[in-house]
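If you're matching positions, the sequence shown starts at 1 in our numbering and goes up one per residue.
Glycine is no exception: its CB is placed at the ideal position from the N, C-alpha and C atoms.
This structure is a prediction, so every number in the text was calculated from the model and none was measured.
I have placed the structure first, in the form of structure tokens, so that the comments after it can refer back to it.
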Amino acid sequence: MKHSSLPAAALLAALAAAVLADDRPPPNVLVVVADQLRYQSLGYAGERRAVTPHIDRLASQGVNFRQCVANSPVCSAFRASFLTGKYASSTGVVVNELRLNPNQDSIAHMFARDGYACDLVGKWHLWAADSNHRAIASAFTPPGPYRMGFDAFWAGYNFNHDNFKAWYFRDTPQPQRIEGFGDAAFMDLAIGRVREHAQAGKPFFMLVSLSVPHDPWSKDNVPAEWYERFRAADFPLPETWR
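Given below as structure tokens:
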């Protein structure tokens, strides 16, 4: 997992705390994570073959942390660090088959203590504990401490990259099957929750964790339009690749 947003967790919490210290309404915080999406693969970063108009627009209106890197290329290790602000050597999650100790303090805990509703939508990958990554068998994270503070709403799963055979869990071990492309459904869930929060009037912190562009990139796992538009032959490896 190659993200560049690790320091963002502490920054978001600091910004929220600063706002809460005055009379302004607390801001809502939405974090969208893409799985294995490199900065260099984005249009605004200079990749001319990339078609990323929405991300490019966000970048043009926001702040880019160009000197930040993920401290681990492993999914679970990165996620544990992202939530806690600690190195993998401190969280204890150094490989994908370990569970994050619920005694760790997470960014969701911090927001919850300030009165935020904390939501998780999408991939979790901090409870799998299954060396074979059997999807359904190790995918349900029960309500309670192992959800690390995301207690207002949960539509998550631990590991699955079959984009057209997606599912998630709410508060029971019964999987909720998704028709169509998985991440599109997760975005719909997230949008629905944003609308619910707008009606409730309570500040929210939401982590939307998407599966793409994580492999596999086989024809049956990618929408036909995008599979035809981006072929491996169109993306030669750089000279420095060995």
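C-beta atoms of residue i and residue j nearer than 9 Å
| i | j | result |
| --- | --- | --- |
| HIS161 | PRO238 | no |
| TRP127 | ARG170 | no |
| ASP56 | LEU42 | yes |
| TYR44 | ALA59 | yes |
| ALA155 | GLN176 | yes |
Residues that DSSP places opposite residue i in a beta bridge
| i | result |
| --- | --- |
| ARG177 | TRP167 |
| PHE153 | ASP119 |
| LEU189 | Its beta-bridge partners do not exist; DSSP assigns none. |
| LEU30 | MET206 |
Nonlocal neighbours in the same chain, by C-beta distance under 6 Å from residue i, ignoring five residues either side
| i | result |
| --- | --- |
| CYS118 | ALA108, PHE111, ALA112, GLY149, PHE150, ALA152 and PHE205 |
| PRO143 | ASP171 |
| ASN221 | ASN163 |
| GLU225 | none |
| SER5 | Any reading at SER5 must be qualified, since the residue scores a pLDDT of 44, below 50, and its modelled position is unreliable; no value is offered. |
| PRO145 | PRO102 |
| LEU30 | MET206 |
| HIS214 | ASP35, GLN36 and HIS161 |
| GLU228 | none |
| VAL93 | SER76, ALA77, ALA80 and LEU100 |
| VAL32 | VAL208 |
| ASN28 | PRO203 and PHE204 |
Whole-number beta carbon distance between residue j and residue i, since they are thought to touch under 8 Å
| i | j | result |
| --- | --- | --- |
| ALA190 | VAL208 | 5 Å |
| SER138 | GLY182 | No, SER138 and GLY182 are not in contact; Cβ-Cβ is about 18 Å, not under 8 Å. |
| ASP105 | THR84 | 7 Å |
Range of the contiguous beta strand (DSSP E) that encloses residue i
| i | result |
| --- | --- |
| SER209 | 204-209 |
Spatial neighbours of residue i in its chain, beta-carbon cut-off 7 Å, leaving aside the 5 residues before and after
| i | result |
| --- | --- |
| TYR116 | PRO203, PHE204 and PHE205 |
| MET1 | Residue confidence is low: MET1 scores 48 on pLDDT, short of 50, so the model does not pin down where it sits. No coordinate-derived value is stated. |
| ASP234 | ARG49 |
| PRO7 | Unreliable placement is indicated for PRO7, whose pLDDT of 49 sits below 50; the coordinate value is still reported in the next sentence. Only PHE65 and CYS68 meet the Cβ criterion. |
Extent of the continuous alpha helix (DSSP H) to which residue i belongs
| i | result |
| --- | --- |
| THR91 | 88-91 |
| PRO53 | 53-61 |
| ASN97 | The residue you asked about is not Asn; residue 97 is Glu in the sequence shown. Looking at the DSSP string, GLU97 is not in any alpha helix (DSSP H), and its letter there is neither H nor E. |
| ARG79 | 75-84 |
| TYR227 | 224-229 |
| MET110 | 107-113 |
Residues of its chain near residue i, where Cβ-Cβ distance is below 8 Å and the 5 sequence neighbours each way are ignored
| i | result |
| --- | --- |
| GLN61 | none |
| ARG193 | ASP119, VAL121, PHE153, PHE204 and MET206 |
| THR141 | TRP124, LEU126, TRP127, ARG147, TRP154, GLY156, ASN158 and PHE169 |
| ALA200 | ALA117 |
| SER218 | none |
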